[in-house]
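Enquirer:
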Amino acid sequence: EGPSYWSHASGALFTALEIIYDMTGGKADYFREPIVFNMLDYIRKVHLQGYRYANFADSDAELFKNGMHSVIRMGIRSDNPILADFACSNTYSRFVPEAYPQVYRDLKDICQGIPEKSEFVPNKFDKLDNLQVAVYRNKDGFAAAIKGGTNNESHNHNDIGQIIVLNEEKPVFIDIGSPTYTKAVFSSLRY
């Protein structure tokens, strides 16, 4: 359902797995399972520039994510230092009140302490094969994302063939974003 749902899907999975991990003293450790690893790493891969993300599916283009500490732990637990480094960069976190607080995650975040700022440098190219999404970034302030795939996905909005282009965090080509939710949006009349 796109980057804006990530904290409620992958983030919630992480919280559940972290509770199990903590309750078993680390004996039940599922963070390196390929599907979990990829779900946690998704947010880094669809990041374009600043607070802008590839907003395919029902997602806003500009996201301000809390939980920098949680994403650092996601990187540590899944043995993904690139994800932890991404979380320490200024591109990830800015405080926004959560509509659905995650008590366990929030308490762990409070106890974790403040990490040092990182000099995170994103990959030039990231792709998500199963979603047919590719993201390209260069050091001159250009970023692009493209989506192939199918429109037969939950919470999409005719995404197939979409392209997003940014130049120094300013949109050049945009995905128009999610539709206004009405009864028709969740029916056979969606398109």
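Numbering (this note's numbering), first residue to last: 919 to 1109. In this text, a Cβ means the ideal position worked out from N, Cα and C, and glycines have one as well.
Return the chain-ordered ranges of every alpha helix (DSSP H) run that is complete within the segment 919-983 and spans a minimum of 4 residues.
Expert: 924-941, 952-963
Enquirer: Report the option in F1004, Y1054, Q1030 whose CA atom is closest to the CA atom of S1036.
Expert: F1004
Enquirer: Roughly how many whole angstroms lie between the Cα atoms of I959 and G929?
Expert: This sequence places Asp at residue 959; Ile is not what is there. In a straight line, the C-alpha of D959 is about 11 Å away from that of G929.
Enquirer: List the DSSP bridge partners of L1084.
Expert: A1061, P1089
Enquirer: What separation, rounded to the nearest whole angstrom, lies between the Cα atoms of V954 and I1064?
Expert: 24 Å
Enquirer: Whose C-beta lies closer than 7 Å to the C-beta of F1091 among residues of the same chain, with five residues either side of it excluded?
Expert: I1081, I1082, V1083
Enquirer: By DSSP, does V1053 sit in helix, in strand, or in coil?
Expert: strand
Enquirer: Quick test of your reading: F1060 and N1041, contact by CB under 8 Å. State the CB separation rounded to the nearest angstrom.
Expert: Actually they are not in contact, since the Cβ atoms of F1060 and N1041 sit about 14 Å apart, beyond 8 Å.
Enquirer: What's the call for Y1022, buried or exposed, on a 16-neighbour Cβ count within 10 Å?
Expert: exposed
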